[in-house]
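Heads up, the thing below is written out as structure tokens.
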Amino acid sequence: MSDAPELDELVGVEEPSFQHVLSCVFGVQTHESRTYLTLLDNPGSTVAELAEELDRDRSNVNRSLTTLLEKGLVERERRLLDPGGYVYQYTATPLPEAKELMHRTLDEWVDQVHVAIDDFGTDVE
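So the mapping is simple: this note's numbering equals the position in the sequence shown, first residue as 1, plus 31.
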């Protein structure tokens, strides 16, 4: 079972938090929105650093980051290490861009709801 709030849960919430709106609009779980907000304050973090900051298992943080990457809320950059090898560093999409993405995503949902309203009853004879 997912702990991701549904977009329709925003309806009727008088003063939703930014984290709640973020979770609802993108259909991400609470821990994923928390990961995004933590990255805003800790740009360039590795999975290990985020796991420590969030007090979560690295594999769970890695899954959260994968989801956030898919949603366009996080960017990943590979950094080469001096002794060899590499590590990925993650940075949250800047807040103004994330807000714009949230507005677009929410507007698309509202447009779909308007179409559903307008189409209701048109197939009944």
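Each residue gets a CB set at the ideal place from its N, CA and C atoms; glycine is no exception.
ask   = Quick one: Cα of Met32 to Cα of Arg110, how far?
value = Because Met32 sits at a pLDDT of 41, beneath the cut-off of 50, its placement in the model cannot be relied upon, and the following sentence gives the value as read from the coordinates. Going by the C-alpha atoms only, they are around 36 Å apart.
inquiry  = On the CB-based measure, 16 or more other CB atoms within 10 Å of its CB, does Val92 come out buried or exposed?
reply    = buried
inquiry  = Check this for me: beta carbons of Leu104 and Ala123, under 8 Å apart or not?
reply    = yes
request  = May I ask you to report which of helix, strand or coil DSSP gives Thr77?
outcome  = coil
inquiry  = Quick check on this structure: which residue in Glu84, Leu126 and Val78 has the alpha carbon closest to the alpha carbon of Gln50?
reply    = Leu126
Straight-line Cα distance separating His62 from Ser95 = 7 Å
key: Distance between beta carbons of Leu99 and Thr66, contact taken as under 8 Å   = 6 Å
query = So, does the CB of Val59 fall closer than 8 Å to a CB anywhere in chain B?
reply = Among the chains of the structure shown, chain B does not appear; only one protein chain is present.
key: Spatial distance of Glu46 from Leu53 (CA atoms)   = 13 Å
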